[in-house]
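Number of protein chains: 2
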Amino acid sequence: MAFKVGLLGLGTVGTGTADILLNPSQRHPLLKELEIHRVGVRSLDKARTVNLPPELLTTDLESIVTDPEVDIVVEVIGGLEPARSLILQAIAHGKHVVTANKAVIARYNDEIFTAATDAGVYVLIEAAVAGGIPVIEPLKQSLCANRLQTITGIVNGTTNYILSRMQSEGSDFNAVLADAQQLGYAEADPTADVDGFDAADKIAILASLAFGGRIKLEEVHREGIRQITAADITYADKLGFVIKLLATAKRDNPTFDEALNSDQLQVRVHPTLVPKDHPLASINGVFNAVLIEGDPVGQVMFFGPGAGSGPTASAVVSDILNIAAILKVERGSAVQANGKPLLDPLLACSHQHYCTIAPIEELETRFYARVLAEDSPGVIGRLGTCFGQHNVSLESVVQIGLRDNRAEIVVITHHVREGNFRQALQEIKAVDAIADIPSTLRVL
Amino acid sequence: MAFKVGLLGLGTVGTGTADILLNPSQRHPLLKELEIHRVGVRSLDKARTVNLPPELLTTDLESIVTDPEVDIVVEVIGGLEPARSLILQAIAHGKHVVTANKAVIARYNDEIFTAATDAGVYVLIEAAVAGGIPVIEPLKQSLCANRLQTITGIVNGTTNYILSRMQSEGSDFNAVLADAQQLGYAEADPTADVDGFDAADKIAILASLAFGGRIKLEEVHREGIRQITAADITYADKLGFVIKLLATAKRDNPTFDEALNSDQLQVRVHPTLVPKDHPLASINGVFNAVLIEGDPVGQVMFFGPGAGSGPTASAVVSDILNIAAILKVERGSAVQANGKPLLDPLLACSHQHYCTIAPIEELETRFYARVLAEDSPGVIGRLGTCFGQHNVSLESVVQIGLRDNRAEIVVITHHVREGNFRQALQEIKAVDAIADIPSTLRVL
Ligand SMILES: NC(=O)c1ccc[n+]([C@@H]2O[C@H](COP(=O)([O-])OP(=O)(O)OC[C@H]3O[C@@H](n4cnc5c(N)ncnc54)[C@H](OP(=O)(O)O)[C@@H]3O)[C@@H](O)[C@H]2O)c1
Ligand SMILES: NC(=O)c1ccc[n+]([C@@H]2O[C@H](COP(=O)([O-])OP(=O)(O)OC[C@H]3O[C@@H](n4cnc5c(N)ncnc54)[C@H](OP(=O)(O)O)[C@@H]3O)[C@@H](O)[C@H]2O)c1
Chain A
12 MAFKVGLLGL
22 GTVGTGTADI
32 LLNPSQRHPL
42 LKELEIHRVG
52 VRSLDKARTV
62 NLPPELLTTD
72 LESIVTDPEV
82 DIVVEVIGGL
92 EPARSLILQA
102 IAHGKHVVTA
112 NKAVIARYND
122 EIFTAATDAG
132 VYVLIEAAVA
142 GGIPVIEPLK
152 QSLCANRLQT
162 ITGIVNGTTN
172 YILSRMQSEG
182 SDFNAVLADA
192 QQLGYAEADP
202 TADVDGFDAA
212 DKIAILASLA
222 FGGRIKLEEV
232 HREGIRQITA
242 ADITYADKLG
252 FVIKLLATAK
262 RDNPTFDEAL
272 NSDQLQVRVH
282 PTLVPKDHPL
292 ASINGVFNAV
302 LIEGDPVGQV
312 MFFGPGAGSG
322 PTASAVVSDI
332 LNIAAILKVE
342 RGSAVQANGK
352 PLLDPLLACS
362 HQHYCTIAPI
372 EELETRFYAR
382 VLAEDSPGVI
392 GRLGTCFGQH
402 NVSLESVVQI
412 GLRDNRAEIV
422 VITHHVREGN
432 FRQALQEIKA
442 VDAIADIPST
452 LRVL
Chain B
12 MAFKVGLLGL
22 GTVGTGTADI
32 LLNPSQRHPL
42 LKELEIHRVG
52 VRSLDKARTV
62 NLPPELLTTD
72 LESIVTDPEV
82 DIVVEVIGGL
92 EPARSLILQA
102 IAHGKHVVTA
112 NKAVIARYND
122 EIFTAATDAG
132 VYVLIEAAVA
142 GGIPVIEPLK
152 QSLCANRLQT
162 ITGIVNGTTN
172 YILSRMQSEG
182 SDFNAVLADA
192 QQLGYAEADP
202 TADVDGFDAA
212 DKIAILASLA
222 FGGRIKLEEV
232 HREGIRQITA
242 ADITYADKLG
252 FVIKLLATAK
262 RDNPTFDEAL
272 NSDQLQVRVH
282 PTLVPKDHPL
292 ASINGVFNAV
302 LIEGDPVGQV
312 MFFGPGAGSG
322 PTASAVVSDI
332 LNIAAILKVE
342 RGSAVQANGK
352 PLLDPLLACS
362 HQHYCTIAPI
372 EELETRFYAR
382 VLAEDSPGVI
392 GRLGTCFGQH
402 NVSLESVVQI
412 GLRDNRAEIV
422 VITHHVREGN
432 FRQALQEIKA
442 VDAIADIPST
452 LRVL
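Chains A and B are the protein sequences, given in the same order. Per this note's numbering, the first sequence starts with residue 12, numbered consecutively. Per this note's numbering, the second sequence starts with residue 12, numbered consecutively.
This is how it looks when you write it as structure tokens:
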């Protein structure tokens with residue numbers, strides 16, 4: 012029995028989502044049980060890059076969220092309305108919901124989650140923060156034993172791209188923004204990104220999850236990056252800092268000191284001088300990273316692509332699969348043939364076969380080799396010839412120096428077959444002028 | 012109704028686990044429904060740092076895994092036997108199992124997971140790889156939509172500590188190992204770590220999850236770090252690399268090219284030259300990191316503490332809570348008062364109140380301020396006095412240069428109250444010699 016997905020939106024994220032659903036090979040087997048039932052769009056005439064039967068498309072989005080056959084509604088149209096109303100309608104009709112819409116979740120979380128709990132349906136939002144980087148689910152599940160203290164994130168790719176370029180080029184904000192707009196890294200109206208609204212939405216969502224309470228968006232302190240000058244970046248650099256737009260949520264009383272008796276939070280977005288040796292300092296370009304501190308886990312950091320069709324769709328479809336896994340256990344016979352409980356296919360081990368492992372000789376990799384040889388003129392040529400005869404091409408051969416009266420030569424190969432490299436080494440070891448090959452290491 | 016935990020082992024990880032279970036405040040509310048029912052140890056006489064009623068302790072571990080009242084068995088005794096047999100017995104008695112034991116899971120996964128599936132119980136293993144860093148659950152759930160291609164990890168803290176010190180100090184392996192043993196970063200018998208056995212166990216587990224098949228541990232290619240010399244580290248450094256013990260699992264056919272028709276894997280542990288600008292190159296000391304590449308997510312990296320009592324217990328207890336969440340939905344009335352389905356308390360939104368957010372004036376942070384002033388001798392002193400009167404103490408005041416005939420002064424404060432800093436700024440702006448304060452930024 013297939014689980015039916017009603018997809019609202021077939022833009023950047025919707026197309027990526029459909030792509031995964033239509034290509035389940037080598038992904039989790041549960042994907043094969045998902046089916047795109049309807050797709051809601053604004054225009055039926057637009058050319059689409061994804062290969063869907065045209066009769067699946069409709070401009071009547073309400074008909075999707077009320078369709079009795081649909082199990083899971085995926086909202087990737089964006090904007091506040093009609094997204095909010097469609098989500099609420101889907102919930103009212105008993106659909107589980109997956110959404111990438113941080114703007115709606117940050118503003119209407121109270122209304123939406125109250126409705127979802129009342130209706131007994133899930134609303135999953137992994138894609139709403141930090142795109143492809145798992146952060147919502149780790150906060151909810153993998154880190155749930157912790158007393159969370161601080162979340163600090165670079166959660167807006169556009170501003171991080173602009174600041175990274177200002178840093179590396181010494182340019183001013185307006186010049187880099189204009190270029191970023193041309194290159195498609197910033198929107199024509201960049202307000203949501205550069206004034207910190209997008210980051211504020213995201214940190215409000217993360218704070219709510221981390222600290223188990225709702226957040227009023229208007230209470231989030233928000234500053235953007237328009238006022239950052241090339242001079243500030245230069246001075247910060249001299250003092251050992253880089254400037255990043257950080258979104259921070261923090262308990263005022265992180266150690267749970269009963270005497271302090273405060274459960275106040277700080278939730279804020281503003282440009283920040285970050286010491287260069289801090290893990291967030293080296294996150295550059297459009298990448299996102301989220302650093303979470305908790306007791307007793309300490310500091311963990313998640314890093315990756317914060318946006319884009321594929322990464323965001325990865326998060327959307329993982330949420331769909333999490334719901335499908337729950338539905339699979341709940342529905343029909345929740346027992347196996349042997350009468351024992353049916354297990355959640357994502358949490359249980361669902362495979363039984365053994366993988367085929369390639370022998371190490373078949374590995375294609377670069378190699379480093381350190382060779383000790385007589386300090387005679389022909390040696391490097393001799394090495395090159397031996398490697399060449401075994402199809403091992405060299406990236407560099409450097410005579411580093413002399414050690415115990417012998418020439419110490421360091422070789423880096425191109426990507427070569429390990430078996431060939433080993434054969435070449437055997438042969439080289441037999442060469443009179445070669446005294447020893449004390450180390451060979453693989454190169455990433 | 013409480014969920015009863017039978018804890019096998021009260022050493023490093025067991026103590027950390029008990030600590031969390033006994034201190035649920037400010038953690039997930041579901042923790043309050045967990046209860047330590049029995050604790051199995053080797054010696055009843057040992058002094059314990061955790062405050063448990065002595066009658067909970069027993070040396071009869073079988074009595075715990077067969078106890079009809081126990082819901083979840085947590086195995087943190089380590090070693091192969093009796094750990095393996097106790098896990099199998101627990102499964103046979105219908106208990107869900109949480110274990111941190113990579114050695115057992117890497118060797119007996121076939122036996123254990125087959126038994127678990129047959130019995131309809133979960134065996135969760137988040138703590139077995141990379142300690143406190145969420146990586147098992149993200150692979151199973153958050154990234155499950157992807158066609159995973161490569162997993163590359165620094166998953167052994169001892170070897171990474173040794174290599175990092177060899178790198179920073181130029182020392183040789185044996186010297187650093189001896190010191191690491193003294194400091195407690197390496198065991199008296201360091202074989203499991205330095206010869207790559209521990210990393211091999213872990214990459215076998217990750218490969219199995221990522222590629223959905225079992226892995227024969229003896230097919231994992233394994234090399235340790237004993238042969239790495241100070242000379243290799245120096246030469247690698249000159250060539251732009253650092254040396255890391257990497258554990259790698261990779262599909263031979265990453266793009267799923269049907270023509271290639273290969274589903275072979277590479278699974279291997281060996282020291283590797285890593286380019287200095289690669290994200291894994293900067294992971295130093297006992298930290299762990301796992302880089303996952305998938306289609307369409309791209310590259311995501313997880314970074315944090317790979318071992319230790321608290322971090323490992325964070326993973327163990329999260330697994331316990333995941334099982335408790337499932338049991339909560341399954342058991343008794345799986346419907347709410349309104350007749351709608353009861354939701355998994357980790358996946359659903361379980362709070363309804365609003366958090367209290369502190370006003371930004373109450374923030375304690377460092378500040379950066381750029382001040383333009385008349386180039387007159389008393390100005391820096393004047394600045395210091397104004398800040399001082401508002402309890403804003405300064406870390407540094409530097410006159411960077413002249414701009415438009417004015418002295419450009421950059422101030423970094425210590426941690427100060429934002430309200431005080433703002434008041435000081437107001438006053439400073441009114442000083443005649445101060446022309447402008449074009450930027451103020453917070454410092455992490
Ligand atoms: N893009 C990213 O990298 C990214 C990352 C994380 C989260 N998100 C979130 O994902 C959501 C979608 O973003 P996107 O970039 O995929 O947007 P997009 O490319 O603009 O696509 C929007 C889609 O929704 C449809 N649509 C919009 N309004 C509609 C309406 N009123 N009625 C019917 N159809 C409507 C559009 O139909 P037509 O195709 O007919 O125009 C289009 O298919 C947003 O909430 C965004 O914040 C995006
Ligand atoms: N330590 C870490 O940072 C870390 C990180 C990740 C995973 N792990 C894994 O977690 C597991 C536990 O490690 P650990 O460091 O906590 O070990 P540990 O400190 O040596 O503690 C072992 C505990 O198990 C008990 N025990 C051992 N053998 C027993 C037996 N045959 N019968 C009864 N009790 C027995 C010991 O009892 P007594 O107290 O009476 O001696 C002790 O309480 C191992 O599988 C390890 O690989 C550890």
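We put the beta carbon where it would ideally sit given N, CA and C, even for glycine.
Classified as exposed, V346 of chain A has fewer than 16 neighbouring CB atoms from the shown chains inside 10 Å of its CB. Restricting attention to A:F208, A:D274, A:T259, A:T283, the CA atom closest to the CA of L302 of chain A is found in A:T259. Put simply, the backbone Cα of D443 of chain A is about 56 Å away from that of A326 of chain B.
Under the rule that a run must span 4 or more residues, no alpha helix (DSSP H) segment is found entirely inside the region 282 to 309 of chain A. In this structure, B:Q37 is the residue among B:A127, B:Q37, B:D82, B:Q178 with its C-alpha nearest to the C-alpha of A156 of chain A.
Under the DSSP definition of a beta bridge, I420 of chain A partners with A:V382, A:Q410. Across the set B:A197, B:V76, B:G22, B:N171, the C-alpha of B:N171 shows the shortest separation from the C-alpha of F298 of chain B.
Against chain A, the CB of D355 of chain B has a partner CB under 9 Å away; the residue lies at that interface.
Three or more Cβ pairs closer than 8 Å define a contact, and the region 171 to 180 of chain B falls short of that threshold against the region 140 to 153 of chain B. Distance from V76 of chain A to L97 of chain A at the Cβ level is roughly 5 Å; contact confirmed, criterion being Cβ atoms closer than 8 Å. No Cβ of chain B is located within less than 9 Å of the beta carbon of R53 of chain A. Within its own chain, the residues whose Cβ lies closer than 6 Å to the Cβ of V427 of chain B, once the five positions on either side in sequence are excluded, are V403, listed in chain order. Classified as exposed, N62 of chain B has fewer than 16 neighbouring CB atoms from the shown chains inside 10 Å of its CB. With contacts defined by Cβ atoms closer than 9 Å, I136 of chain A and I216 of chain A form a contacting pair. Taking all protein chains in view, the Cβ of A101 of chain A is crowded by 16 or more other Cβ atoms within 10 Å, so the residue is classified as buried. The beta carbons of E46 of chain B and K15 of chain B sit about 5 Å from each other, so the pair counts as a contact at 8 Å.
Counting the other CB atoms within 10 Å of its CB gives N349 of chain A a total below 16, which places it among the exposed residues. Contact between the region 366 to 383 of chain B and the region 384 to 396 of chain A is not established, with fewer than three Cβ pairs separated by less than 8 Å. The C-alpha of S74 of chain B is placed about 27 Å away from the C-alpha of L358 of chain A. Annotation: the continuous beta strand (DSSP E) that includes G164 of chain A extends over 158 to 165. In the three-state scheme derived from DSSP, where H, G and I count as helix and E and B as strand, Q275 of chain A is classed as strand.
By the beta-carbon neighbour count (other beta carbons within 10 angstroms, threshold 16), R342 of chain A is exposed. In this structure, the C-beta of K113 of chain B approaches ligand 2 to less than 8 Å from one of its heavy atoms.
Per DSSP, reduced to three states, the secondary structure at L18 of chain B is strand. Counting C-beta pairs closer than 8 Å gives three or more between the region 408 to 424 of chain A and the region 241 to 260 of chain B, which meets the contact rule.
Residues of the region 224 to 248 of chain A whose Cβ lies closer than 8 Å to any Cβ of chain B, in chain order: G224, R225, I226, K227, E230, V231, H232, Q238, I239, T240, A242, D243, Y246, A247. Listed by position along chain A, the residues whose Cβ is nearer than 7 Å to that of S329 of chain B are Q152, S153, L154, C155, A156. Here DSSP, grouped into helix, strand and coil, assigns L250 of chain B to helix. When DSSP assignments are scanned along the region 93 to 178 of chain A, the uninterrupted stretches of beta strand (DSSP E) that are 3 or more residues long and fall wholly within it turn out to be 107 to 110, 158 to 165.
In this structure, DSSP gives A446 of chain B an extended state, which the three-state scheme calls strand. The DSSP-derived three-state label of T69 of chain A is strand.
Here the alpha carbons of G430 of chain B and A203 of chain A stand approximately 27 Å from one another. It is roughly 21 Å from the alpha-carbon of T376 of chain A to the alpha-carbon of T245 of chain B. Contact note: M312 of chain A reaches chain B through F314, G315, using a C-beta cutoff of 7 Å and chain order. Closer than 9 Å to the CB of K440 of chain B there is not a single CB belonging to chain A. From the beta-carbon of D129 of chain B, the residues of chain A found nearer than 7 Å are N349, K351.
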